[in-house]
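Novice: My structure is below; once you've seen it, I'll send some questions.
Right under this line is the structure:
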């Protein structure tokens, strides 16, 4: 993805040097964990990872979603992640993308 779309994706570990979407390939390992949606984060503000619509990304910062504000956001907007959980997912369509066929 980084080779094919260098302006959109990055492998850069340092946040200050990043542009685009960071692909954290180092987390792709059976012994690693990732943070799921709606998980509390270890921050002083008690931020929560939140499912957002793409249109909302420029409007919010991670600190806007906390254990206090998260429930009201979900009540107003609904669970944007629900469709992902209820719909079977397949990665087969990505095989061509990664093989350079897409």
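Numbering (the numbering used here), first residue to last: 313 to 414.
A virtual CB, placed ideally from N, CA and C, is assigned to each residue, including glycine.
1) Could you tell me if residue 396 is buried or exposed, where buried requires 16 or more neighbouring beta carbons within 10 angstroms of its beta carbon?
2) Using 10 angstroms around the beta-carbon of residue 347, count the other beta-carbons present and answer buried if the total reaches 16, otherwise exposed.
3) Under 8 angstroms: do the stretch 379-390 and the stretch 347-359 share three or more Cβ pairs, one atom per stretch?
4) Measure the C-alpha to C-alpha separation of residue 354 and residue 398 and round it to an integer number of angstroms.
5) With respect to the alpha helix (DSSP H) encompassing residue 394, which residues constitute its N-terminal and C-terminal limits?
6) Would you kindly report the start and end of the unbroken alpha helix (DSSP H) that includes residue 389?
7) Excluding sequence positions up to five away, which residues of its chain have a Cβ less than 7 angstroms from the Cβ of residue 331?
Specialist: In this structure, then:
1) The sequence position of residue 396 within the chain shown is 84, counting from 1. Residue 396 should be labelled exposed.
2) As a first step, residue 347 is located in the chain shown; it is residue number 35 there, counting from the start. Label assigned to residue 347: exposed.
3) yes
4) Looking up residue 354 in the chain shown gives position 42. Looking up residue 398 in the chain shown gives position 86. So the alpha carbons of these two residues sit roughly 28 angstroms apart.
5) Translated into the one-based positions of the chain shown, residue 394 becomes position 82. Per DSSP, residue 394 belongs to the alpha helix (DSSP H) from 394-398.
6) The sequence position of residue 389 within the chain shown is 77, counting from 1. Taken as a continuous stretch (DSSP letters only), the alpha helix (DSSP H) holding residue 389 covers 382-389.
7) The count along the chain shown starts at 1 and reaches residue 331 at position 19. For residue 331, where only same-chain residues beyond five positions count, the Cβ hits under 7 angstroms are 322.
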